[in-house]
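Notes for the one structure printed next.
Residue numbers (the working numbering): 2 to 270.
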């Protein structure tokens with residue numbers, strides 16, 4: 002089942018989100034847990050933010066990483082130098098591994114882009130042994146992404162299409178309070194815990210913030226790229242004014258909060 006995330010280039014994704022995914026990987030691993038000797042699957046690995054952080058957190062035996070995007074898979078493979086890590090194309094809703102294959106299944110910033118997110122959670126549970134852990138994190142687009150909401154709210158004041166985009170963006174799968182916990186429980190996971198993880202998105206200047214959107218990266222970039230030149234210029238100036246907030250262009254820092262959830266596959270000793 003395809004992701005709803007728009008990928009144009011690995012480098013564009015890195016500027017848009019990869020750098021922030023790497024920041025979030027550490028707190029997510031701390032929450033999800035990891036132990037020496039474990040076999041872990043990274044579901045929706047992207048360019049490898051979580052994949053490459055896992056061996057730094059513990060002396061794990063294996064990381065199997067899958068992603069639906071051939072662009073992401075190619076880039077993650079290019080970066081990989083660890084023989085314990087294997088990376089291949091795969092669908093989160095049909096994970097290409099047998100039952101009970103792993104000690105943990107982790108998914109960082111992926112489930113909100115999977116239309117049938119509950120099926121992806123079920124698949125993560127299927128490939129984890131009894132007593133193993135399933136964990137995931139998604140951005141809280143409605144209440145926790147101040148930098149992105151700034152852009153969306155600014156554009157929504159100008160355009161009906163942007164208002165529709167905002168309505169979809171803020172209520173993607175797993176983003177409502179307690180939704181992920183309820184999904185984990187419904188899929189039969191036990192000892193389910195949910196929390197919030199926060200990082201800060203620090204930008205050097207407006208260009209550092211705006212350029213990935215202007216290049217068409219991600220859902221918001223897809224909207225910007227679809228505008229006619231005059232509308233695109235108007236949108237850019239409006240978002241610049243919001244970013245600068247009456248002060249000279251320069252560094253800005255925005256809080257970014259993710260929902261995180263973990264549960265245990267029943268049947269462990």
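Cβ atoms here follow ideal geometry from the backbone N, Cα and C, with glycine treated the same way.
Residue 67 and residue 90 do touch by the CB rule: their CB atoms are close to 7 Å apart, below 8 Å.
Judged by their CB atoms, residue 147 and residue 214 are not nearer to each other than the 7 Å cut-off. Boundaries for residue 30: no beta strand (DSSP E) harbours it, while the alpha helix (DSSP H) harbouring it runs 20-33, taken from the DSSP string.
According to the DSSP secondary-structure assignment, residue 125 is paired through a beta bridge with no residue. As the crow flies, the alpha-carbon of residue 97 is around 15 Å from that of residue 107. CA-to-CA, the gap between residue 46 and residue 156 works out to about 30 Å.
Leaving aside the five residues that flank residue 118 on each side, the residues in its chain whose CB is nearer than 6 Å to its CB run, in chain order, 112, 174, 175. In this structure residue 231 does not touch residue 217 by the C-beta definition: roughly 17 Å separates them, more than the 8 Å allowed. Around the beta-carbon of residue 196, fewer than 16 other beta-carbon atoms lie within 10 Å, marking it exposed. By a beta-carbon distance limit of 8 Å, residue 123 contacts residue 188. Their separation comes to about 5 Å. Scanning 95, 198, 55, 75 for the CA closest to the CA of residue 83 turns up 55. Residue pairing of residue 211 in beta bridges, as defined by DSSP: absent, with no partner found. Spatial neighbours of residue 145 in its own chain (CB-CB distance under 6 Å, excluding positions within 5 residues in sequence) are listed in chain order as 258.
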